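Have a look at the structure below before the remarks.
Chains as they are written, first to last, in my numbering: chain Z, 2 to 333; chain A, 2 to 333.
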């Protein structure tokens, strides 16, 4: 069976600390500000508290894991505005701290680790064959588990990089969420009309190829890519370490969609940093019942939209822990 | 004539540095990421560049000015969920760095100055009399001008605190933007149904009282409040120092509305940090053609929603200046 380790970890998921959630809700209701004034940010603080398992949530050591890989479908047919070789260039920029997310992370006080799970080692062309063999899939799962095990952080941003990877993302979304296939396909990094038509055709062909397969994890292996599998596995690993996760854009959201199809509670420890310009992303977020913190038309990937939301999560926590209650203030 | 100093400063406004805007646009189009991937954030970077008058915009020294005052209408009739005495308590919390915006500012790396322009010295009850005399109005304008003159910052957040101040804000919006008066009146900090009815009646009565007055600055004096006048004056002062401004919620937006009625370019150096839960705020922003960076249902005031957006503005700048262009990267 494909990936018993991932399945086993996904089958039994730890729950959050309900007492910590409750404590933050109680405190938030009595702070020296109009009741409910921070609305959703108070909810975010309670959510962080639940997964950090403390009544005093804080974002002091945020970290990002960015997984990178290449895609056979992008090498075989032009579904992206950029050649697949750009994946390596973008990855190198991460390593040297010159990427967009590195610039954002400096402001958010976060560390960034970029992990190559398949650059220059493209997946199968998903129109005609599985993206990954069982062995490659499991290998990537273990890399991601290991990466999360080595983290020292209190909030985790998950991101990806891989030229062409909105094509497998659209295929996963179409296969698992259904509806009009074309509605899941957008312009990604800005492909032209011809490219968009090719991309739609590629997604349709890929989804048709796997018709009959219903196991979401199998579908992830068939249609996904190295960095998508790594994101999914890292999400599960973070849950077992009770680390709250900020998800990034369309690719990351598609990557974790199979998880929630297997275990409906799989994304309870995840919030969504932003809604991207890719039209399928908003549809997926509605499907998942997740509200994005930001809505800025970004379409970069790299974890950048999630990183942009990190200061908000930090502020949500500080807004509960650092502000006195009316009793504390007037009784001081 | 009321406030010749404010009028004179508002009549002739310096423009931004168009070359700096252009330089950022050019650079943003060639960065090591898909073209246009940061969309609106690149626009924000160009906007900062224009007002900072540099091709390398940055947010290194953000500051907030929070003006506080009390309102006669709130003392005379219950239009707020909170007694006016709370204004002083909230202000004291600022001074001791225990306010919500102080918690946010620490994360944004910003300084916060809170300035009392009328706590315990309530404005006239705007249902029956002008909020401020000419003398008080001018006095507050000068305090705000002075406060901005003393700033050392590269981005300015403007906020306010004053129990009951969504009532004068709604009155200004109704008087200047027109339409159904009741549509400009929301629950503010959470007033109940009876309070909302009283608030609507108070706004209607106030707007009717000043029917016939068309000068927007006069209307600000008639219907506004100390902290609203200070916010408006500080906005003009920041323009003359070419400091980009992040506006906060409904009260701040109403306070600056008269400016744009006098000089349509008056808010070009302002962006909007967030859209609050107060229904009139979204309407006002549409009217002003301003898109908020955040949309989180906050309804706190204090500059908190604007401060929450400061890291995004900083990231927008870093995303242009710290990321290499393709030429810089491949030619390194």
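Even for Gly, the Cβ is constructed at its ideal location relative to N, Cα and C.
What you are looking at is a predicted structure, and each value in this text was computed from that prediction instead of being measured.
Spatially closest choice to residue i from the options, by CA coordinates
i                      : options                    : result
residue 1 of chain Z   : Z:66, Z:220, Z:70          : No answer is possible for residue 1 of chain Z: it lies beyond the span of chain Z, which begins at 2 and ends at 333.
residue 112 of chain A : A:154, A:229, A:332        : A:154
residue 102 of chain A : Z:33, Z:52, Z:129          : Z:33
residue 115 of chain Z : Z:10, Z:224, Z:231, Z:226  : Z:231
residue 48 of chain A  : A:247, A:83, A:326, A:197  : A:247
residue 270 of chain Z : Z:27, Z:29, Z:37, Z:44     : Z:44
residue 410 of chain Z : Z:268, Z:194, Z:164        : Within the shown structure, residues of chain Z are numbered from 2 to 333, placing residue 410 of chain Z beyond reach of any answer.
residue 14 of chain Z  : Z:50, Z:260, Z:208         : Z:260
residue 144 of chain Z : Z:328, Z:98, Z:227         : Z:227
residue 292 of chain Z : Z:237, Z:300, Z:283        : Z:283
residue 149 of chain A : A:299, A:207, A:237        : A:237
residue 132 of chain Z : Z:18, Z:290, Z:229, Z:11   : Z:229
residue 82 of chain Z  : Z:196, Z:333, Z:28, Z:93   : Z:196
residue 124 of chain Z : Z:225, Z:93, Z:289, Z:212  : Z:225
residue 326 of chain A : A:11, A:27, A:22           : A:27
residue 12 of chain A  : A:214, A:323, A:208, A:265 : A:265
residue 19 of chain Z  : Z:50, Z:7, Z:6, Z:39       : Z:50
residue 22 of chain Z  : Z:46, Z:193, Z:8           : Z:46
residue 129 of chain A : A:59, A:208, A:106         : A:208
residue 160 of chain Z : Z:80, Z:301, Z:97          : Z:301
residue 6 of chain Z   : Z:91, Z:234, Z:216         : Z:234
Run of the alpha helix (DSSP H) containing residue i, from where it starts to where it stops
i                      : result
residue 275 of chain A : From DSSP, residue 275 of chain A is part of no alpha helix (DSSP H) but of the beta strand (DSSP E) over 271-275.
residue 5 of chain Z   : 5-12
residue 80 of chain A  : Residue 80 of chain A -> no alpha helix (DSSP H), and no H or E assigned at all.
residue 23 of chain Z  : 19-29
residue 196 of chain A : 194-210
residue 230 of chain Z : 227-241
residue 90 of chain Z  : 87-96
residue 106 of chain A : 101-109
Own chain, CB closer than 7 Å to residue i, minus 5 neighbours either side, in chain order
i                      : result
residue 346 of chain Z : Outside the displayed range of chain Z (2 to 333) lies residue 346 of chain Z, so it cannot be described from this structure.
residue 174 of chain Z : 185, 255, 258, 281, 285
residue 167 of chain Z : 187, 189, 251, 252, 279
residue 3 of chain Z   : 135, 138, 218, 219, 222
residue 78 of chain A  : 199, 203
residue 297 of chain Z : 275
residue 88 of chain A  : 69, 71, 120, 162, 163, 164
residue 36 of chain Z  : 30
residue 191 of chain Z : 82
residue 211 of chain Z : 176, 220, 223, 224
residue 239 of chain A : 149, 157, 246, 270
Where residue i sits in the DSSP three-state scheme
i                      : result
residue 305 of chain A : helix
residue 287 of chain A : helix
residue 167 of chain Z : helix
residue 326 of chain Z : strand
residue 136 of chain Z : helix
residue 44 of chain A  : helix
residue 215 of chain A : coil
residue 152 of chain A : coil
residue 221 of chain Z : helix
residue 177 of chain A : helix
residue 268 of chain Z : coil
residue 32 of chain A  : strand
residue 124 of chain A : coil
residue 282 of chain A : helix
residue 314 of chain A : helix
Residue range of the unbroken beta strand (DSSP E) whose run includes residue i
i                      : result
residue 63 of chain A  : 63-70
residue 252 of chain Z : Segment 251-263 is the alpha helix (DSSP H) holding residue 252 of chain Z; no beta strand (DSSP E) there.
residue 293 of chain Z : 293-295
residue 112 of chain A : 112-119
residue 156 of chain A : 156-162
residue 248 of chain Z : 246-248
Cutoff 6 Å; reference residue i; Cβ partners in own chain excluding five residues on either side
i                      : result
residue 201 of chain Z : 183, 186
residue 152 of chain Z : 64
residue 170 of chain Z : 251, 252, 255
residue 24 of chain Z  : 56
residue 59 of chain Z  : 318
Sequence-distant residues of its chain with Cβ nearer than 8 Å to residue i (five each side left out)
i                      : result
residue 42 of chain Z  : 313, 316, 317, 320
residue 324 of chain A : 32, 33, 34
Take every Cβ of the segment 246-260 of chain Z, pair it with every Cβ of the segment 271-280 of chain Z, and state whether three or more of those distances are shorter than 8 Å. yes
Measuring CB atoms only, is the segment 66-86 of chain Z touching the segment 118-132 of chain Z, in the sense that at least three cross pairs come out at less than 8 Å? yes
Three or more C-beta pairs below 8 Å linking the segment 230-250 of chain A and the segment 50-58 of chain A: yes
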